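Structure, as structure tokens:
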Amino acid sequence: MVLSDDLLALPKKVAILYSDVKREYFSNEETYLTEMGADIYAGDVAKYVEKMGIVVTTIPGDDHMAENLVKFNPDMAINLIDSVRGQSTLGSSVPGVLEILHIPYTGAGTLGWALGTNKFLMYQLLQTSGVPVPTHQIVSSSTDMIDPGMRYPLFPKLNYEHSSIGVAADSICHNEKELRSKLKDLITTYKQPVLIDEFIAGIEVTASVLDGMNTKVYMVQRKVGEGIEDVVTFDKKWKDYLDMTYIKYEDPILKGYVKQAFDILKMSDYARIDIRIDAAGRYYFIDPNANPFFGPPKETHATYSMILDMYGVTFEETLKRLFLNTLQDARIEQNGWH
Numbered sequence: 001m002v003l004s005d006d007l008l009a010l011p012k013k014v015a016i017l018y019s020d021v022k023r024e025y026f027s028n029e030e031t032y033l034t035e036m037g038a039d040i041y042a043g044d045v046a047k048y049v050e051k052m053g054i055v056v057t058t059i060p061g062d063d064h065m066a067e068n069l070v071k072f073n074p075d076m077a078i079n080l081i082d083s084v085r086g087q088s089t090l091g092s093s094v095p096g097v098l099e100i101l102h103i104p105y106t107g108a109g110t111l112g113w114a115l116g117t118n119k120f121l122m123y124q125l126l127q128t129s130g131v132p133v134p135t136h137q138i139v140s141s142s143t144d145m146i147d148p149g150m151r152y153p154l155f156p157k158l159n160y161e162h163s164s165i166g167v168a169a170d171s172i173c174h175n176e177k178e179l180r181s182k183l184k185d186l187i188t189t190y191k192q193p194v195l196i197d198e199f200i201a202g203i204e205v206t207a208s209v210l211d212g213m214n215t216k217v218y219m220v221q222r223k224v225g226e227g228i229e230d231v232v233t234f235d236k237k238w239k240d241y242l243d244m245t246y247i248k249y250e251d252p253i254l255k256g257y258v259k260q261a262f263d264i265l266k267m268s269d270y271a272r273i274d275i276r277i278d279a280a281g282r283y284y285f286i287d288p289n290a291n292p293f294f295g296p297p298k299e300t301h302a303t304y305s306m307i308l309d310m311y312g313v314t315f316e317e318t319l320k321r322l323f324l325n326t327l328q329d330a331r332i333e334q335n336g337w338h
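This is the structure:
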């Protein structure tokens, strides 16, 4: 299909939505820290949008979001909201509001967002579709029976959270005593189920996906300081991020799996997916993230954008592709084209 000039036009007005972050919304310091400064990061993105000659405003995801969107009347929205009142699982309400207001938006829709905040469900969908994941189990109590078929070391992680929340130096558990202790800590602190993986010794690859007429996958091997296991703990990600290095990683077969996962999990426009690769070269998808932290690489150190920048895709080009893809999908749907 040949696209008309209308389908290739950039938006004239863009609203950037960001999390309404107040300390009292968050049950602990870690989750608060991952979203602190959301208004500043939204402003960093807005500066780049404004340079493109587009009228732009930033709007917090609070009780007045819908009212402010109606007043501004944008052509589309960039959805940077990670949580509503401190809860990531409520994030799927934001695409719902945008759908009701008929405002095209970047990122996953209500279903893709809801799937993205349930790692166990994502694992099940990937596994049944032939995308490899670690042997795993979900528990809701530190005293739940552990599947005797699970082989140590085991790696417990929060089922609803991304951003390495809850991941620490003691996350690799070599025996039941260590596992029970870590489970108790996670469940007591975060009040949510825990997904237990068989830990995959090897390297970690992270893939940035940029959707469009042709879905592109840009992959890097992520190395963490001097650690032999390259596990991205909370402290490494948020406090010592300069210790992490990235090396381009090419694997056409793995790229195919990444694209498959992107489609299975109802992701849209962009995503970041983490994969462990063992010594035998086997892949294990461990953390698909539908709406990853997004912003210009120099100002925000967003991993997603840093990876694209390594491959020569500037933040300006990324924004342009997101705008065109989002508006193209909206206009095609509006006109009933297939």
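Counting from 1, one number per residue, gives the positions in the sequence shown under my numbering.
Beta carbons are placed, not taken as given, at the ideal position from N, Cα and C, and that holds for glycine.
None of these values were measured; they are calculated from a predicted model.
task = Excluding the 5 residues preceding and the 5 following G174 in the sequence, name in chain order all residues of the same chain whose CB lies nearer than 7 Å to its CB.
result = Looking up residue 174 in the sequence shown gives position 174. According to the sequence as given, residue 174 is His; it is not Gly. Non-local beta-carbon contacts of H174 in its own chain, meaning distances under 7 Å to residues more than five positions away in sequence, involve Y152 and P153 in chain order.
query = Among T89, R85, A279 and F234, which residue has its Cα nearest to the Cα of I200?
reply = Translated into the one-based positions of the sequence shown, residue 200 becomes position 200. When only C-alpha atoms are compared, the closest one is A279.
ask   = S83: buried (16+ other C-beta within 10 angstroms of its C-beta) or exposed?
value = As a working mapping, residue 83 is identified with position 83 in the sequence shown. By the beta-carbon neighbour count (other beta carbons within 10 angstroms, threshold 16), S83 is buried.
task = Answer yes or no: do F194 and P156 have a C-beta to C-beta separation smaller than 8 Å?
result = For the purposes of this step, residue 194 is taken as the residue at position 194 of the sequence shown. For the purposes of this step, residue 156 is taken as the residue at position 156 of the sequence shown. Note that residue 194 corresponds to Val in the displayed sequence, not to Phe. Yes, Cβ-Cβ distance for V194 and P156 is below 8 Å.
query = How do the segment 167-183 and the segment 251-261 stand: do at least 3 beta-carbon pairs fall below 8 Å, yes or no?
reply = no
message = Less than 8 Å between the C-beta atoms of V49 and L319, yes or no?
response = Here residue 49 refers to the residue found at position 49 when the sequence shown is read from its first residue. Here residue 319 refers to the residue found at position 319 when the sequence shown is read from its first residue. In this structure, L319 lies closer than 8 Å to V49 by Cβ.
query = If we ignore side chains and look at the alpha-carbon of each, how far apart do P104 and L327 end up?
reply = Within the sequence shown, residue 104 is the residue found at index 104, counting from 1. Within the sequence shown, residue 327 is the residue found at index 327, counting from 1. Taking the straight line joining both Cα atoms gives about 7 Å.
ask   = Assuming N291 contacts G107 under a Cβ cut-off of 8 Å, what Cβ separation, rounded to an integer in Å, is found between them?
value = Position 291 of the sequence shown, counted from the first residue, corresponds to residue 291. Position 107 of the sequence shown, counted from the first residue, corresponds to residue 107. Contact between N291 and G107 is confirmed by a C-beta separation of about 4 Å, below the 8 Å threshold.
inquiry  = Tell me which residues share the same chain as I165 and place their Cβ nearer than 7 Å to its Cβ, disregarding the 5 neighbours each side in the sequence.
reply    = Taking the first residue of the sequence shown as position 1, residue 165 is located at position 165. If we look at I165 and ignore the five residues flanking it on each side, its Cβ neighbours are E30, T31, T34, L158 and F234.
ask   = What's the call for A302, buried or exposed, on a 16-neighbour Cβ count within 10 Å?
value = Residue numbering aside, residue 302 sits at position 302 when the sequence shown is read from its first letter. That one is buried.
ask   = Which residues mark the beginning and the end of the alpha helix (DSSP H) in which K22 is found?
value = Numbered from 1 along the sequence shown, position 22 holds the residue referred to as residue 22. Per DSSP, K22 belongs to no alpha helix (DSSP H) and is neither H nor E.
request  = Please determine if the segment 262-271 and the segment 109-121 are in contact, where contact requires at least 3 C-beta pairs separated by less than 8 Å.
outcome  = yes
query = Would DSSP call I54 helix, strand or coil?
reply = For the purposes of this step, residue 54 is taken as the residue at position 54 of the sequence shown. Three-state result, I54: coil.
Sequence ranges, beta strand (DSSP E) only - wholly within the segment 105-170, length at least 3 = 136-139 and 154-158
query = Shortest alpha-carbon distance to V342 belongs to which of L10, I54, K12 and Y41?
reply = This structure gives no information on residue 342, because the portion of the chain shown stretches from 1 to 338.
query = In three-state DSSP terms, what is P60?
reply = Here residue 60 refers to the residue found at position 60 when the sequence shown is read from its first residue. Strand, per DSSP.
Option in I187, L183 and Q124 with minimal Cα separation from P288 = As a first step, residue 288 must be located in the sequence shown, where it is residue number 288. Here the closest residue by C-alpha is Q124.
query = Thinking just about the alpha-carbon of each residue, which of S19, D39, A66 and V56 is nearest to the one in Q87?
reply = As a position in the sequence shown, residue 87 is number 87, starting the count at 1. It is S19 whose Cα lies nearest to the Cα of Q87.
request  = Identify which residue in L98, L17 and R180 has its Cα closest to the Cα of F293.
outcome  = Residue mapping note: residue 293 aligns to position 293 of the sequence shown, counting from 1. Minimum Cα distance to F293 is reached at L17.
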